[in-house]
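From first to last, the protein sequence lines are chains W and A. By the working numbering, the letter at position 112 of the first sequence is numbered 112, and the numbering carries on one by one without gaps. Numbers in the working numbering are just positions in the second sequence, counted from 1, shifted up by 168. C-beta atoms are modelled at their ideal positions from N, C-alpha and C, and glycine is treated no differently. This structure is a prediction, so every number in the text was calculated from the model and none was measured. Down below is the structure, laid out as structure tokens.
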Amino acid sequence: MSLKNRSRITVFFLSLLVWFALTDITNLQEVILGIIIAIFVALIAGHFLITTEKRKHIFKRIGYALLYIIKFLWEIIKANVHVAYLVVHPKVPINPGIVKIKTKLTKESAMTILANSITLTPGTLTVDINLEKQELYIHCIDVHSKKIEDNTKDIGNRFEKILMEVFE
Amino acid sequence: MIREIIGFGLIYIGVVFDFFGVLGLIRLPDVYNRLQAATKSVTFGTGGILLGIFVLQGFNNFGFKAILGIIFIFLASPTAAHAISHASHRSNIKLDEKTVVDQYAEDNENK
Chain W
1 MSLKNRSRIT VFFLSLLVWF ALTDITNLQE VILGIIIAIF VALIAGHFLI TTEKRKHIFK
61 RIGYALLYII KFLWEIIKAN VHVAYLVVHP KVPINPGIVK IKTKLTKESA MTILANSITL
121 TPGTLTVDIN LEKQELYIHC IDVHSKKIED NTKDIGNRFE KILMEVFE
Chain A
169 MIREIIGFGL IYIGVVFDFF GVLGLIRLPD VYNRLQAATK SVTFGTGGIL LGIFVLQGFN
229 NFGFKAILGI IFIFLASPTA AHAISHASHR SNIKLDEKTV VDQYAEDNEN K
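Okay, structure coming up:
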């Protein structure tokens with residue numbers, strides 16, 4: 001079976017699962033409608049989910065993904081307390097700027113997750129990604145340093161190691 | 169009883185952080201800083217409200233819809249912030265006077 005078809009079948013069953021979670025499984029009409037919609041979803045967008053043949057260490061990767069979610073939630077809480085402090089402070093003590101960081105990640109999906117995580121964590125917002133050069137442009141609310149190496153260490157490395165384990 | 173305390177607690181925390189997000193939207197200077205407040209606090213706040221609804225409702229249709237809502241907000245909010253900040257930088261919207269460095273503009277001029 002080709003990679004695309006395997007990906008489509010996985011998407012079909014996942015979307016069917018979500019449909020059953022949302023609707024009444026004992027109602028035959030809902031079940032039939034769910035199957036039809038899941039087929040449409042799998043045909044239109046199914047081939048994006050699985051893109052590599054590699055299936056080794058699946059449990060290790062799931063473990064790292066869970067670790068990532070926990071770390072991500074902790075960073076989000078820190079980010080929110082930080083923003084709340086900045087906003088309530090009478091002088092609004094900010095020091096904004098756009099800096100560049102480098103990343104070792106190569107896959108598009110991993111880069112997207114990294115960029116989204118950076119946006120949701122303390123004082124940083126991803127403005128643009130350069131896929132070929134593996135660079136991200138980050139808007140910082142509080143710039144400490146203008147050197148690329150320092151900023152890479154401060155911003156990117158928090159998530160990069162775990163994401164490397166999950167995606168590559 | 170305990171379920172109601174946790175659920176309403178989460179909803180109140182969410183509302184408080186949503187309030188901070190709105191306050192940041194008013195008080196911070198330029199587009200980019202305002203986006204920072206809008207993405208972080210509002211994502212967390214709305215996520216907290218939806219999680220509170222999930223705790224109150226449990227594993228039924230409402231609860232699952234709340235969980236799905238959380239996942240979609242966490243995916244969509246950073247993406248929207250990225251699109252808005254990228255677009256405003258491309259259409260030459262100035263950064264605030266306090267800004268110390270803009271390496272993105274430096275790199276684009278060199279191209």
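Beta-carbon neighbours of residue i, restricted to chain W and to distances below 7 Å
i: A:A205; result: V83 and V87
i: A:F222; result: Result: empty, since nearest Cβ-Cβ is about 12 Å, beyond 7 Å.
i: A:A249; result: T119 and L125
Residue i in three-state terms, based on DSSP
i: W:E108; result: helix
i: W:H144; result: coil
i: A:K279; result: With a pLDDT of 46 at A:K279, under the threshold of 50, the predicted position of this residue should be treated as unreliable, and no value is reported.
i: A:L350; result: Because chain A is modelled from 169 through 279, residue 350 of chain A falls outside the range shown and cannot be assessed.
i: A:T211; result: helix
i: A:G226; result: coil
i: W:T126; result: strand
i: W:I44; result: helix
i: A:N201; result: helix
i: W:I50; result: coil
i: W:N27; result: coil
i: W:V99; result: strand
Residues that residue i contacts on chain W, provided the C-beta gap is smaller than 8 Å
i: A:N114; result: Here chain A covers residues 169 to 279 and nothing more, so residue 114 of chain A does not appear.
i: A:L191; result: V87 and V88
Classification of residue i by the beta-carbon crowding that lies within 10 angstroms, buried from 16 upward
i: W:N27; result: exposed
i: W:T106; result: exposed
i: A:K262; result: exposed
i: W:A45; result: exposed
i: A:G216; result: buried
i: A:R171; result: exposed
i: W:F40; result: exposed
i: W:E160; result: buried
i: W:P93; result: exposed
Partners in chain A for residue i, counting only beta-carbon separations shorter than 9 Å
i: W:L22; result: N229, F232, K233 and L236
Nonlocal neighbours in the same chain, by C-beta distance under 7 Å from residue i, ignoring five residues either side
i: A:T207; result: S245, P246 and A249
i: W:F13; result: none
i: W:D24; result: E30
Contacts that residue i makes with chain A (C-beta to C-beta distance below 7 Å)
i: W:H47; result: What W:H47 touches in chain A: nothing, since even the nearest Cβ is about 19 Å away.
i: W:N80; result: F185, K208, S209 and F212
i: W:V92; result: R195 and L196
i: W:I76; result: F212
Contact set for residue i: own chain, Cβ-Cβ below 8 Å, skip 5 residues either direction
i: A:V199; result: I252, S253, S256 and I261
i: W:I98; result: V127, Y137, I138, H139 and C140
i: A:K279; result: Per-residue confidence for A:K279 stands at a pLDDT of 46, beneath the threshold of 50, marking its modelled position as unreliable; no derived number is given.
i: W:T103; result: M111, L114, Q134, E135, L136, T152, G156 and E160
i: A:R184; result: What sits at residue 184 of chain A in the sequence shown is Val, not Arg. G213, listed in sequence order.
Within-7 Å CB hit, residue i to chain C
i: A:S256; result: Absent from the structure is chain C; the protein chains it does hold are W and A.
Under 9 Å by beta carbon: chain W residues contacting residue i
i: A:L263; result: P96, G97, I98 and H139
i: A:G226; result: Here the premise fails: no neighbours, minimum Cβ distance about 13 Å.
Same chain, Cβ closer than 6 Å to residue i, five either side skipped, listed in chain order
i: A:A234; result: L218, I221 and F222
Exercise for the section: Could you run through the stretch 100 to 126 of chain W and flag, in chain order, every residue whose CB is less than 9 Å away from some CB of chain A? Expected result: K100, T112, A115, N116, S117, I118, T119, L120, T121, P122, G123, T124, L125 and T126
Exercise for the section: Compile a chain-ordered list of the residues in the stretch 169 to 187 of chain A whose CB is closer than 8 Å to at least one CB of chain W. Expected result: F185
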